[in-house]
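Worksheet: one structure, shown below.
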Amino acid sequence: MPTTEPKVTQAGKQQACTRCGSRNVAHISYGLPAFSDELRQELDAGEVQLGGCLVWPEQPQLVCNDCALQMLSDGRAAPEEEDRL
Ligand SMILES: [Zn+2]
């Protein structure tokens, strides 16, 4: 069973921060998720952050918990970050 895995990498599952290299990176959850105990634990653990309902073309999918860099799903820094700093 493990030998027939499709070519889906785990990239993105644990994306390292492109600025500080930290792996303490949270996924940003958009929309209105069901507020389960599991989600609450992930929020408390810094694994997930809520991005609200705003949607724009290059919205960040990831955020570094160490330096607050917001990244796109492919790991590039989100555009607005440059303006903020
Ligand atoms: Zn960082």
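Residue 76 in our numbering sits at position 52 of the sequence shown, and the numbers go up by one each step.
By construction, the Cβ of each residue, glycine as well, lies at the ideal position given by its N, Cα and C atoms.
Predicted model, so just to flag it, every value in this text is computed and none were measured.
Please state the DSSP three-state secondary structure of residue i.
{"i": "residue 39", "result": "coil"}
{"i": "residue 74", "result": "strand"}
{"i": "residue 68", "result": "helix"}
Going by alpha carbons, who is nearest to residue i out of the options?
{"i": "residue 50", "options": "95, 82, 60", "result": "95"}
{"i": "residue 67", "options": "89, 44, 84, 83", "result": "89"}
{"i": "residue 71", "options": "84, 82, 48", "result": "48"}
{"i": "residue 52", "options": "85, 99, 98", "result": "85"}
DSSP has residue i in a bridge; who is on the other side?
{"i": "residue 88", "result": "49"}
{"i": "residue 101", "result": "95"}
Residue i CB to nearest chain D CB: under 8 Å?
{"i": "residue 52", "result": "Reference to chain D is not applicable here, since this structure consists of a single protein chain."}
On the premise that residue j lies in contact with residue i, defined as a C-beta separation below 8 Å, what is that separation, rounded to the nearest angstrom?
{"i": "residue 42", "j": "residue 92", "result": "Contact flag wrong, Cβ pair sits at about 13 Å."}
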